[in-house]
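Peer 1: I'd like to ask some things about the structure below.
See below:
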């Protein structure tokens, strides 16, 4: 039996897109309030209130706010700095690992 993963992925994305149409049933104020409580003073977002921020949670938070049309509630400078620092530090670490492996 051959399994086609591509079809599974397409179906998953179609279901997701269709579910987005139900955003009007969500209490946006509650979601946004909770989301902003997950934001750290660094500008990054955590997976829950009181947790450490992470670039993936931060990007997800930005996506959720974009879906709700609420990007204006973000301090764009802080969020973008947090993302750039996170990605930049990873890039530096990866470069160092490659450099050390070549020694």
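In my numbering, the protein residues as written are 127 to 229.
C-beta: ideal position from N, C-alpha, C; glycine also.
Starting from residue 155, follow the alpha helix (DSSP H) in both directions and report where the run begins and ends.
Peer 2: Segment 154-163, the alpha helix (DSSP H) holding residue 155.
Peer 1: Leaving aside the five residues before and after residue 213 along the sequence, list all residues of the same chain whose C-beta is less than 8 Å from its C-beta, in chain order.
Peer 2: 181.
Peer 1: Which residue wins for smallest C-alpha separation from residue 164, given the options 187, 207, 154 and 202?
Peer 2: Per the Cα distances, 187.
Peer 1: Which value, in whole angstroms, describes the spacing of the CA atoms of residue 189 and residue 172?
Peer 2: Taking the straight line joining both Cα atoms gives about 14 Å.
Peer 1: Is the CB-CB distance between residue 158 and residue 204 below 8 Å?
Peer 2: Result no, Cβ atoms of residue 158 and residue 204 do not sit closer than 8 Å.
Peer 1: On the DSSP bridge assignment, give the partners of residue 194 in chain order.
Peer 2: Answer is none; residue 194 lacks a bridge partner.
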